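Asks:
Protein chains: 4
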Amino acid sequence: MKALVYHGPGKKDWEEKSKPLIIEQTDALIKISKTTICGTDLHILKGDVPEVTDGRILGHEGTGTVEEVGSAVTEFKKGDRVLISCISSCGKCEYCKKGMYSHCEKGGWILGHLIDGTQAEYVRIPFADNSLYHIPENADEDAMVMLSDILPTGLECGVLNGQVKPGDTVAIVGAGPIGLAVLITAQFYMPAEIIMIDIDDNRLHVAKAFGATQTINSSNENAFEKIMDLTGKKGIDVAIEAVGIPQTFELCESIIAPGGHIANVGVHGKSVNLHLETLWSKNITITTRLVDTVSTPMLLKTVTSKKLDPSKLITHHFALKDIVKAYDTFQNAAREKTLKVILTT
Amino acid sequence: MKALVYHGPGKKDWEEKSKPLIIEQTDALIKISKTTICGTDLHILKGDVPEVTDGRILGHEGTGTVEEVGSAVTEFKKGDRVLISCISSCGKCEYCKKGMYSHCEKGGWILGHLIDGTQAEYVRIPFADNSLYHIPENADEDAMVMLSDILPTGLECGVLNGQVKPGDTVAIVGAGPIGLAVLITAQFYMPAEIIMIDIDDNRLHVAKAFGATQTINSSNENAFEKIMDLTGKKGIDVAIEAVGIPQTFELCESIIAPGGHIANVGVHGKSVNLHLETLWSKNITITTRLVDTVSTPMLLKTVTSKKLDPSKLITHHFALKDIVKAYDTFQNAAREKTLKVILTT
Amino acid sequence: MKALVYHGPGKKDWEEKSKPLIIEQTDALIKISKTTICGTDLHILKGDVPEVTDGRILGHEGTGTVEEVGSAVTEFKKGDRVLISCISSCGKCEYCKKGMYSHCEKGGWILGHLIDGTQAEYVRIPFADNSLYHIPENADEDAMVMLSDILPTGLECGVLNGQVKPGDTVAIVGAGPIGLAVLITAQFYMPAEIIMIDIDDNRLHVAKAFGATQTINSSNENAFEKIMDLTGKKGIDVAIEAVGIPQTFELCESIIAPGGHIANVGVHGKSVNLHLETLWSKNITITTRLVDTVSTPMLLKTVTSKKLDPSKLITHHFALKDIVKAYDTFQNAAREKTLKVILTT
Amino acid sequence: MKALVYHGPGKKDWEEKSKPLIIEQTDALIKISKTTICGTDLHILKGDVPEVTDGRILGHEGTGTVEEVGSAVTEFKKGDRVLISCISSCGKCEYCKKGMYSHCEKGGWILGHLIDGTQAEYVRIPFADNSLYHIPENADEDAMVMLSDILPTGLECGVLNGQVKPGDTVAIVGAGPIGLAVLITAQFYMPAEIIMIDIDDNRLHVAKAFGATQTINSSNENAFEKIMDLTGKKGIDVAIEAVGIPQTFELCESIIAPGGHIANVGVHGKSVNLHLETLWSKNITITTRLVDTVSTPMLLKTVTSKKLDPSKLITHHFALKDIVKAYDTFQNAAREKTLKVILTT
């Protein structure tokens, strides 16, 4: 089969690989229908994720059809159309029992990371019963791909951890795909105001269309001052960091109201300054999280009932064999106005 | 009347001041029976709290008898024995309605800070109806003084914010009076293990007597390694910082288990390094809080029902007129083996 | 002044009464701008609420302008435009401190019940600081009247007590004004399905327009069977009773899924059969509540930010002097297709 | 092997049965070390649980040693000492993922009910990985048996559903083994008062020794009046029903304070009168639950750390072969002063 293979920092190829096989009884073999590219894949390609070694097939999102299942798989059978979760869950360990699948003792984020991933014609999915979901009849399969990672990440790490409530004033720092996923799912809880901060006018324009009530281009405007103006000096109830650098996290620290929540979504490579000299008495809560995908069943219901349309995050479509071109489009997001790309076999 | 008056960094005197008067209709005038000294009072004396100006009477804890009430006070009358909360609450603003009295728009921590305090023969208490509590009959009044600040602080900032649960492994960094208050109130929720870390063997000895299951003297032992050993490399469910310096906060960051809570209790003068490069994916929660004293009614019930004996935090007794000597004893806590002192009029 | 006065079961008159005076320092005197009629007023007129005695001015909802305040009122002054809460809160008692204003030791539901109410040209409001809200500039004052009682009741007793979550299947039994208020506020939490059950086709038609995904006329259809069909035999996640009779409550018992919530909103005159012989093992939660109006600040924010338009509950307008005619229209709701009426001075 | 077999109402025998075999890959075969008898077993013997058919081996509690495991079992191996949960959990269905194992689509309470149980020399345990627990080294195995059912039931259905908090006033109606399990685990959350109500003085005496602060023999005293006296007419914060008949549930309804919780633990055979005509406005919560045993890991930690000693519920020991005699002792609990019996192979 063909797959997108990592060959060390900066190097990837669409090349022939042997088709995966069932190894464990709990595995399923999936024929990929759709996949996508994640910001994390770009991190890997930069060499930021050293656990990913030469020869690894990338990708941790997608949909497909069950080709074969191991003998212990009971919830899926050959021919089933499935959504692949970016997180593998054994369903048995202490973390899985607590719903913290991200820290599953045998799973977690392993696809396209510690084992071969979904940017390929076939993929082996461990712990299939707890890591796949049936695709509802009549579902838009492109939209389903958004449920592998980006929407549960926005919802769990941003919205649920931030405890967004009706009437809240929310700031989302970063209007990339993940920030927009936060924006879309934040509206499940009817906040009064959602202020979106970014440096790309196109993305802020998209954010407005997706429901942001205010946008700030922080390359032109002082985001702190603008937010203090907009909130009558009160600050923000929930500040969600969706970039992953010290400046944006410290912006969140500066704009948070007493009693507020800072929810970190960004992947950070450096430590940040936590200003406890002012924050110690401000009754704030800071959270971090690797997505658990516990919210996938709920997201499936909101999609099926047409309360949520994830397809609006998709800007470009490619054939899977053109994935190298798709990476180029995704990497040059500002130039190409890219949010998410869909790759179809 | 006589009072302990601040005269700039390093200077305080037990001196004559005019007896306070009712200013607002919601005020009460209290004749002090008992008061105590807080670590915060030492911070003020070092000059760390610049809002405190020359001439201010210190102190924000105590009990007494109502001498006079303003015309709008309905819940207290002359002669009532009362517990004074360290936090004044107007009961009407947005923060008070949310139970966040610490950020009351007109109150909060003002006693011995922005207005004259309780280390005096009389004190004026603003918003008396929402800032005083009736002392139960037969209550030990020394014990009651511990409910003004230290026990609600330990409980709210440490235990409740840390979400201590039955079966948890808890670490408390700092075994001073406030760390011990955390230790005592953590036992409301039956954690399996409470590991106490300090550099003073006497305080660790006290901690053992108060219910710590393990103690670590971090001047002799590597606390991180010891905790990893004790927890089988899993780390700590709830780490509570009760010192207020970068090293102790960063110790909490290093020992926290995935899914864990870091509850800050310490008063910090500097920012700390938040290691998001490792913590971003660990599903942790960090909280800060200035005590709200919303838990005072509950603490009163646990004291009345003999589930909690706060008097064990008291090591020394003085007459109020000997308060300068009491400060000396409190400041030289290691030498004197001081926890809390009680000053009686 | 003129007021609508109760004179025993079945008897009411629009008649001259003396203008109320400030009695307590915490009172405010309000000149009414707008008021409305509540289902509870009809209960009173039937004689179902014996605490209401001959001579009582009815009404517990409305808006107006502050005419005078008692000496202890600090948050409002003459000329302020205000929203009147149906619940009076002293802000000082144990229940008020817990946010359970409905059970305030000195307040609770007293307006138009134990003291004179709002269906009058003037009304005295006790505990004004904790029982009135400032009307935001540019607010639609008709819409504001819906925040006195019906919207917080729908939200608190129905939606919040029922713990409606994104993706849930919700059933609301009763599509009268209060059931529709539940329907509107349930959408703050993005349930997947909202099934509305009533016997009046017009109200079900309105429910569809307000966001119900399914409607059942239980006089034509077997509601239990229809719901089992619609949910694939699973039953309902949140069943909200908004009628107040045994049959409708027992319908909720029969349709609830394991793990589900039954939230009672209806005012009941009789006990109901609780089928513990089947429910004991179904992991369900049943709640009751008299509205606390703690959600009023949040509702004000959602109205100000245009996330909620309460005016759609209003079907008829009258001059306050025509209130007897308005009662007739409200009492004959099916004939007149009445939801809420607005009375303007 | 030998087993205790049900032969229709009133009939049971200790007789030869064929040793169970592994049927599914997820099964484990356990050699029983210890088991016990539950009140539910007596219900079955009365014929109250018609799903239990002639020939069924009874029992759903116990400990033992793994004899053999199916090919898909990964967490246990031959020779492991294990605690058997009374609830079987597949770990894959919607209910299991929500932690509601009691309603597992393929499991739930099936042992000694729909499949053969633990009152035997061997038992087949389905879904072994999610339904067994490793017994900690040095654990008292008698105590462990109390974690199969009675302690998680008391904790989950009574204490957690009732939301017992520090300072609360709790009433437990019924001081049989399950009521005492509620009493023991309620103390995880430091309530101020625990009032125990029963008609057996011996059990009330035991309750006092186990931590009840007050006891009421409702055959001598009017429980409602006594509780109103004890609570200054306020009523009870958390009322826990641990009997299963209408009178005791209605007692809970009558004593509950506004804002209180009624947690049903009892197994009911009849519907009860729910007095919504008074309760509709009292802001109460009523819960039901079949134990999920999600709290078992936490209970294991509290036992291991010596915070909980479940062995105090054990009054009698028998050899397993004398189980018929043990049933007699358990059935005549008042006469024999029986709480729980331990049967050892």
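Respectively, the protein sequence lines represent chains H, V, S and D. Quick note, in this note's numbering, the first sequence goes up one by one and the last residue is 520. Quick note, in this note's numbering, the second sequence goes up one by one and the last residue is 520. Quick note, in this note's numbering, the third sequence goes up one by one and the last residue is 520. Quick note, in this note's numbering, the fourth sequence goes up one by one and the last residue is 520. Note that CB positions come from ideal geometry on N, CA and C, so glycine has one too. Predicted, not measured: the structure shown is a model, and the values here were computed from it.
Could you name each continuous alpha helix (DSSP H) segment of 4 residues or more that falls completely within the region 315 to 394 of chain D, going from the start of the chain to the end?
Replies: As far as the region 315 to 394 of chain D is concerned, its whole alpha helix (DSSP H) runs of at least 4 residues are 316 to 320, 325 to 328, 352 to 361 and 376 to 384.
Asks: Given this structure, state the Cα-to-Cα distance separating E242 of chain D from G230 of chain D, to the nearest angstrom.
Replies: Within the fourth sequence, residue 242 of chain D is the residue found at index 67, counting from 1. Within the fourth sequence, residue 230 of chain D is the residue found at index 55, counting from 1. E242 of chain D and G230 of chain D: Cα-Cα distance of roughly 24 angstroms.
Asks: Within its chain, find whatever has a CB closer than 7 angstroms to the CB of I374 of chain S; leave out the 5 residues flanking it on each side and keep chain order.
Replies: If you number the third sequence from 1, residue 374 of chain S lands on position 199. Closer than 7 angstroms at the Cβ level, and outside the excluded window around I374 of chain S, lie N392, S393 and S394.
Asks: Would you call H278 of chain V buried or exposed, if buried means 16 or more other Cβ atoms sit within 10 Å of its Cβ?
Replies: By one-based count along the second sequence, residue 278 of chain V stands at place 103. So H278 of chain V ends up on the buried side.
Asks: At a CB-CB cut-off below 7 angstroms, which residues of chain A make contact with G266 of chain D?
Replies: The structure shown contains no chain A; its protein chains are H, V, S and D.
Asks: Between which two residues does the beta strand (DSSP E) holding E296 of chain V run?
Replies: By 1-based counting over the second sequence, the position of residue 296 of chain V is 121. Unbroken run through E296 of chain V: none, as it is neither H nor E.
Asks: For I285 of chain D, count neighbouring Cβ atoms within 10 angstroms of its own Cβ and tell me buried if that reaches 16, exposed if not.
Replies: Locating residue 285 of chain D in the fourth sequence gives position 110, counting from the first residue. Buried.
Asks: Would you say M371 of chain H lies against chain S (beta-carbon separation less than 7 angstroms)?
Replies: Position 196 of the first sequence, counted from the first residue, corresponds to residue 371 of chain H. M371 of chain H does not count as touching chain S.
Asks: When the cut-off is 7 angstroms and only beta carbons count, does H450 of chain D lie next to chain S?
Replies: Taking the fourth sequence and counting its residues from 1, the one referred to as residue 450 of chain D is at position 275. Yes, H450 of chain D counts as interfacial toward chain S.
Asks: What residues of chain D sit near A203 of chain H, judged by a beta carbon separation below 8 angstroms?
Replies: Here the question's residue 203 of chain H lines up with position 28 in the first sequence. Going along chain D, no residue has its Cβ under 8 angstroms from A203 of chain H, so there is no contact; the nearest lies around 13 angstroms.
Asks: Between S:V466, S:K408 and S:A432, which has its C-alpha nearest V442 of chain S's C-alpha?
Replies: Position 267 of the third sequence holds residue 442 of chain S. Considering only alpha carbons, the answer is S:V466.
Asks: Under three-state DSSP, which class holds A501 of chain S?
Replies: What you label residue 501 of chain S is simply residue 326 of the third sequence in a count that begins at 1. DSSP places A501 of chain S in helix when its eight states are reduced to three.
Asks: So, is L495 of chain D buried or exposed, given that buried needs 16 or more other C-beta atoms within 10 angstroms?
Replies: Working through the fourth sequence from its first residue, we reach residue 495 of chain D at position 320. L495 of chain D comes out buried.
Asks: Within 10 angstroms of the Cβ of T462 of chain H, are there 16 or more other Cβ atoms? Answer buried if so, exposed if not.
Replies: The residue you call residue 462 of chain H lines up with position 287 of the first sequence. It counts as buried.
Asks: Report all residues from its chain with a CB closer than 6 angstroms to the CB of H450 of chain V; omit the five preceding and five following residues, and keep chain order.
Replies: Here residue 450 of chain V is taken as the residue at index 275 of the second sequence, counted from 1. Once the five neighbours on either side are set aside, the close Cβ partners of H450 of chain V are E428.
Asks: For E339 of chain D, which option in V:D255, V:H491, V:K177 and V:M473 has the closest C-alpha, if you only look at C-alpha atoms?
Replies: Start at 1 with the first residue of the fourth sequence, and residue 339 of chain D comes out as number 164. Looking at the sequence itself, residue 339 of chain D is Val, so the reference to Glu does not match. Measuring from the Cα of V339 of chain D, the nearest candidate turns out to be V:M473.
Asks: Classify P433 of chain D as helix, strand or coil using the three-state DSSP reduction.
Replies: Reading the fourth sequence from its first residue, position 258 is the one you call residue 433 of chain D. The answer is strand: DSSP assigns P433 of chain D an E or B state.
Asks: If the cut is a Cβ gap below 8 angstroms, which residues of chain V does S246 of chain S touch?
Replies: The count along the third sequence starts at 1 and reaches residue 246 of chain S at position 71. Those within 8 angstroms of S246 of chain S in chain V are Q200, S246 and A247.
Asks: So, is S470 of chain H buried or exposed, given that buried needs 16 or more other C-beta atoms within 10 angstroms?
Replies: The residue labelled residue 470 of chain H in the question sits at position 295 within the first sequence. Burial call: buried.
Asks: Can you tell me which of the three DSSP states F302 of chain S falls into?
Replies: Working through the third sequence from its first residue, we reach residue 302 of chain S at position 127. F302 of chain S: coil per DSSP, three-state reduction.
Asks: Between H:P433, H:K272 and H:V348, which has its C-alpha nearest I459 of chain H's C-alpha?
Replies: As a working mapping, residue 459 of chain H is identified with position 284 in the first sequence. Among H:P433, H:K272 and H:V348, the Cα nearest to that of I459 of chain H belongs to H:P433.
Asks: When you compare the CB of S568 of chain D with every CB in chain V, is at least one pair closer than 7 angstroms?
Replies: Because chain D is modelled from 176 through 520, residue 568 of chain D falls outside the range shown and cannot be assessed.
Asks: List the residues of chain D that Y181 of chain V touches, going by C-beta distances under 7 angstroms, in chain order.
Replies: Taking the second sequence and counting its residues from 1, the one referred to as residue 181 of chain V is at position 6. Near Y181 of chain V there are no residues of chain D at all, since even the closest Cβ is about 36 angstroms away, more than 7 angstroms.
Asks: Note the first and the last residue of the continuous beta strand (DSSP E) segment covering T471 of chain H.
Replies: Position 296 of the first sequence holds residue 471 of chain H. Taken as a continuous stretch (DSSP letters only), T471 of chain H belongs to no beta strand (DSSP E), being part of the alpha helix (DSSP H) at T471 to T479.
Asks: Between the alpha carbons of K186 of chain S and Y502 of chain S, how many angstroms are there, rounded?
Replies: By 1-based counting over the third sequence, the position of residue 186 of chain S is 11. By 1-based counting over the third sequence, the position of residue 502 of chain S is 327. Computed Cα separation, rounded: 12 angstroms.
Asks: Quick one: does T521 of chain V have its CB under 7 angstroms from some CB of chain H?
Replies: Residue coverage of chain V in this structure runs from 176 to 520, which leaves residue 521 of chain V outside it and unanswerable.
Asks: What's the C-alpha gap between T249 of chain H and D291 of chain D?
Replies: As a working mapping, residue 249 of chain H is identified with position 74 in the first sequence. As a working mapping, residue 291 of chain D is identified with position 116 in the fourth sequence. Roughly 23 angstroms separates the two Cα atoms.
Asks: Would you report the Cα separation of K482 of chain V and D412 of chain D, rounded to the nearest angstrom?
Replies: Along the second sequence, read from residue 1 onward, the residue named residue 482 of chain V stands at position 307. Along the fourth sequence, read from residue 1 onward, the residue named residue 412 of chain D stands at position 237. Approximately 17 angstroms, taken between the alpha carbons.
Asks: Given that a residue counts as buried once 16 or more other Cβ atoms are within 10 Å of its Cβ, and exposed if not, what is P366 of chain H?
Replies: Locating residue 366 of chain H in the first sequence gives position 191, where the first residue counts as 1. When all chains shown are included, P366 of chain H counts as buried.
Asks: Name the residue from S:I369, S:G287, S:I198 and S:L426 whose alpha carbon lies nearest to the alpha carbon of V540 of chain S.
Replies: Shown here, chain S extends from 176 to 520; a query on residue 540 of chain S therefore has no answer.
Asks: Can you give me the Cβ contacts of P352 of chain D inside the same chain, cut-off strictly under 8 angstroms, excluding the 5 residues immediately before and after it?
Replies: Translated into positions along the fourth sequence, residue 352 of chain D becomes position 177. Here the set comprises G214, I325, L488, L514 and K515.
Asks: Output yes or no for whether 7 angstroms exceeds the beta carbon distance between S260 of chain H and G239 of chain H.
Replies: As a working note, residue 260 of chain H is residue 85 in the first sequence. As a working note, residue 239 of chain H is residue 64 in the first sequence. Contact: no.
Asks: Against I259 of chain S, what residues of chain D qualify as contacts under a CB-to-CB distance less than 7 angstroms, listed in chain order?
Replies: Your numbering for residue 259 of chain S matches position 84 in the third sequence. Going along chain D, no residue has its Cβ under 7 angstroms from I259 of chain S, so there is no contact; the nearest lies around 20 angstroms.
Asks: Against chain V, does E416 of chain S count as a neighbour if the rule is that its beta carbon must be under 7 angstroms from one of theirs?
Replies: Locating residue 416 of chain S in the third sequence gives position 241, counting from the first residue. It does not; no Cβ of chain V falls within 7 angstroms.
Asks: Among the candidates H:E368, H:V381 and H:G342, whose CA atom is the shortest distance from the CA of G354 of chain H?
Replies: For the purposes of this step, residue 354 of chain H is taken as residue 179 along the first sequence, with counting starting at 1. Nearest option by C-alpha distance: H:V381.
Asks: Interface residues of chain S around V447 of chain D at Cβ under 7 angstroms?
Replies: Locating residue 447 of chain D in the fourth sequence gives position 272, counting from the first residue. Correct list: L449 and L451.
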